[in-house]
Amino acid sequence: MHFLPKANPLYEKISATKVVVPDVLEKLGKGGFTGYLSYSAPGFESYCIFAKGKLLCAVSSEVGRDKSGFEAIVAMFDKVFILGGEINVYRMTSDLAMCAHALVAGTRLFKGDEVRQVDIKGVLARLKAQGHNGVVHFYTPERYAMMFYKDGLPIGFYHDGATCIESQPDESRKVAALPGAKIDICGTKPIEELLRYDLLQMVNLAKLWEAAQLRNAAPRQMEQPLPGGDVDDAKMAELVDDLQELASAYLSRAGREIIEKRLRDGGGPRLLMDEGRFENFMSLVESDARAVDGDARIDEMMDLMRSEVAGRLAV
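Residue 479 in our numbering sits at position 24 of the sequence shown, and the numbers go up by one each step.
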């Protein structure tokens, strides 16, 4: 089982039989999504991790056996037709997507070592010196907590029951101190290097889906997939609200006003569904945002906005 953070949900508990999964993955890619899609069915789970629209990796697990890349996608498609299952989509920053990649597809520096037998202070000092990118994961059968690292420094903390990425390691320390606690440390390449790889460009998702459908033709009636591209006014209004909230989180009231103005000047929220108009909208929003506060984390804000739009319009 993988422990990816569920701190910023876009969709949860969507029936996999109500969507065309390869279409969802393609739309997340084209929309510049950053975060991950998870699929779960009895005894099976899959994760597809994106950053800036690139599918960095796909992994699947079944009865302790892991598959990756092409094989993981084939296994996921098969399970959708056999078992149904559920899909969840969670947004992330690019740095956290890098850490998620480390969790599911990275290199294991420690795996299942007991915390009491490890010089934790020494290990963390070594991670800092080595410019570590990845995750330190503490766990027991009942609890878990994670520390996310970029360039050797912690950038956030998460634990079971958390509703957001936290800024303090209190829970990580508590879990690490529990009797029998174990530690995994996993690492990966910097996000700039991971972005050179895009699994979406290497596989034909439509053909893999069609092949899975033929292999697993079942007598039971599958639920009718939702028609692609059908976005009602209520869903569009919710998307606009989310964009305004995002912008205001980084730029206060000015952020909300920028979104309102650029949507109004561009002809309304439906511009978000047109690739050319959407890119123009994003360019103008970024320019306005930098003019308001050049020191704000504008790149991060823009990534999250892209993920919001891609995720909302994909499912």
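Glycine residues also receive a C-beta, built at the ideal position from the N, C-alpha and C atoms.
Discussion item. Determine whether the beta carbon atoms of Leu492 and Leu480 lie at a separation below 8 angstroms.
Written reply: yes
Discussion item. I need the DSSP call for Leu634, collapsed to helix, strand or coil.
Written reply: Per the sequence presented here, residue 634 reads as Pro, with Leu not at that position. Residue state, collapsed to three classes: coil.
Fill in: Simplified DSSP state of Gln676, which is helix, strand or coil
Any reading at Gln676 is ruled out, since the residue's pLDDT is 43, under 50, leaving its predicted position unreliable.
Worksheet item: Considering only C-alpha positions, which residue in the set Leu701, Glu730 and Val740 is nearest to Asp720?
Response: Val740
Discussion item. Let me confirm a value: Asp619 is counted as buried when at least 16 other C-beta atoms fall within 10 Å, else exposed. Which label applies?
Written reply: The sequence as given places Cys at residue 619; Asp does not occur at that position. The residue in question, Cys619, is exposed, as its Cβ has fewer than 16 Cβ neighbours within 10 Å.
Discussion item. At 3 residues or longer, what runs of the beta strand (DSSP E) sit wholly inside the stretch 591-671?
Written reply: 599-605, 608-614 and 637-642
Worksheet item: Between the C-alpha atoms of Glu597 and Phe458, what's the straight-line distance to the nearest angstrom?
Response: 13 angstroms
Fill in: Check whether Val573 and Thr595 have beta carbons under 8 angstroms apart
no
Worksheet entry | Residue(s) in a DSSP beta bridge with Cys512 | Ile504
Item to complete: Take the Cβ of Pro682 as the centre, count every other Cβ of all protein chains shown within 10 Å, and call the residue buried at 16 or more, exposed below.
Response: Confidence at Pro682 is low in this model, with a pLDDT of 41, below 50, so its placement is unreliable and no value can be given for it.
Discussion item. Could you check whether the stretch 554-572 touches the stretch 633-642, counting it as contact only if at least three pairs of C-beta atoms, one from each stretch, sit closer than 8 angstroms?
Written reply: yes
Fill in: Helix, strand or coil at Arg584 [DSSP, three-state]
In the sequence as presented, Arg is not what sits at residue 584; that position holds Ala. Here Ala584 sits in helix by DSSP.
Item to complete: Run through the stretch 525-593 for me and flag every whole alpha helix (DSSP H) of 4 or more residues, listed as ranges in chain order.
Response: 549-560 and 575-584
Worksheet item: Do three or more CB pairs link the stretch 748-768 to the stretch 688-701 at distances below 8 angstroms?
Response: A contact exists between the stretch 748-768 and the stretch 688-701.
Fill in: Buried or exposed (CB count within 10 angstroms, at least 16 for buried), Val544
buried
Practice prompt. Mind reading off the beta-carbon distance from Gly540 to Tyr466? Whole number of angstroms is fine, and I expect it under 8 angstroms.
Written response: No, Gly540 and Tyr466 are not in contact; Cβ-Cβ is about 14 angstroms, not under 8 angstroms.
Discussion item. Quick check on Phe499: does DSSP put it in helix, strand or coil?
Written reply: Assignment of Phe499 by DSSP, reduced to helix, strand and coil, places it in the strand class.
Fill in: Opposing strand residues paired with Lys522 [DSSP bridges]
Ser515
Fill in: Extent of the continuous alpha helix (DSSP H) run through His464
One detail in the question is off: residue 464 reads as Pro in this sequence, not His. Premise fails: Pro464 lies in the beta strand (DSSP E), Pro464 to Ser470, not in any alpha helix (DSSP H).
Worksheet item: Between Glu715 and Glu517, what straight-line distance do the alpha-carbon atoms span, to the nearest angstrom?
Response: 46 angstroms
Worksheet item: Which residues in the same chain have their Cβ closer than 7 angstroms to the Cβ of Asp550, if we skip the five residues on either side of it in sequence?
Response: Lys605, Ile610 and Ile646
Worksheet item: Closest to Phe603 by CA distance: which of Asp688, Glu526, Gly589 and Gly616 is it?
Response: Gly589
Practice prompt. With a 10 Å radius around its C-beta and 16 neighbouring C-beta atoms as the bar for buried, classify Ser627 as buried or exposed.
Written response: Ser627 is classed as buried because its beta carbon has at least 16 other beta carbons within 10 Å across all chains shown.
Practice prompt. Using only alpha-carbon positions, find the residue among Glu665, Asn671 and Phe499 that is nearest to Ala527.
Written response: Phe499
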